[in-house]
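Each residue of the sequence shown is one higher than the one before, starting from 1 at the first, in our numbering.
So the structure is just underneath, and the comments pick up after that.
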Amino acid sequence: MKIYAYARVSARDQNLERQIEAFIKFGIDKSRIFSDKKSGKDFERNGYKRLIKLLKRGDLLVIKSIDRLGRNYDQIIAEWAHITNCVGADILVLDMPLLDTRSKGDTLVGKFISDIVLQILSFVAESERANIKARQADGIRIAKQNGVKFGRPKKNYSDKFLSVAFDYINKSITSDTAMRLLEIKRDNFYYHVRQIRKMIG
């Protein structure tokens, strides 16, 4: 049996260290820790694909929390079933010890509880992602209605600027990522974020 781990963050400049530290503390060799800096909306991630190719029957996959695996309810459930049923590997979620398929054979009640917890947490992960997107769409709509302006001379914010700004406001990306995407300096970026916050209340 081999033990692997998978870590994920959404933005390139977010830190994987907290997850990796937890895996090392658990006793997982660094060479068996795979990671991605990419959205959890699907499983099209290079690190994850490399990991899945290595997983064999009887191996153990460790993740820090269910939302690190992904944020799409149906895909999380399907991927979980593929790993545990088709591949024959086990999964342990460190932040939720009930999600440990190594104990699935202990009792029928234990498996039932584990399945319910997985479905609830997967639903919460996707709902959180959907809520962030909904708040972002509302914020962009309100900003446009209230006539948010950009730059000197004044012109309307582009959809790209508003989308990136709301990703930052909703904590989906860091300020460094936002500034790099918008090719804007720090003081200018924070100025416009303040203006957008004022306009959307």
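Glycine included, C-beta positions come from ideal geometry on N, C-alpha and C.
Keep in mind that this is a model prediction, so the values were computed, not measured.
Contact check, residue i vs residue j, beta carbons under 9 Å
{"i": "residue 175", "j": "residue 190", "result": "yes"}
{"i": "residue 20", "j": "residue 7", "result": "yes"}
{"i": "residue 4", "j": "residue 33", "result": "yes"}
{"i": "residue 173", "j": "residue 35", "result": "no"}
{"i": "residue 166", "j": "residue 196", "result": "yes"}
{"i": "residue 69", "j": "residue 80", "result": "yes"}
Cβ neighbours of residue i in the same chain (closer than 6 Å, five flanking residues each side left out)
{"i": "residue 12", "result": "37"}
{"i": "residue 58", "result": "1"}
{"i": "residue 84", "result": "101"}
Presumed contact (8 Å Cβ cut-off) between residue i and residue j, rounded CB distance
{"i": "residue 60", "j": "residue 78", "result": "Not quite, the Cβ-Cβ distance comes to about 20 Å (not below 8 Å), so this is no contact."}
{"i": "residue 92", "j": "residue 64", "result": "The pair is not a contact, with the Cβ atoms about 10 Å apart (cut-off 8 Å)."}
{"i": "residue 181", "j": "residue 164", "result": "5 Å"}
Exposure label - residue i; buried when at least 16 CB within 10 Å
{"i": "residue 158", "result": "exposed"}
{"i": "residue 178", "result": "buried"}
{"i": "residue 45", "result": "buried"}
{"i": "residue 26", "result": "exposed"}
{"i": "residue 76", "result": "buried"}
{"i": "residue 55", "result": "buried"}
{"i": "residue 116", "result": "exposed"}
Sequence-distant residues of its chain with Cβ nearer than 8 Å to residue i (five each side left out)
{"i": "residue 28", "result": "3, 4, 5 and 62"}
C-beta neighbour in chain D for residue i, strict 9 Å
{"i": "residue 14", "result": "Included in the structure is just one protein chain, with no chain D present."}
Own chain residues within Cβ distance below 7 Å of residue i, not counting five before or after
{"i": "residue 18", "result": "none"}
{"i": "residue 16", "result": "7, 9 and 35"}
{"i": "residue 51", "result": "4, 6 and 34"}
Quick one: which unbroken beta strand (DSSP E) runs of 3-plus residues sit fully inside the stretch 15-56? Chain order, please. 33-37
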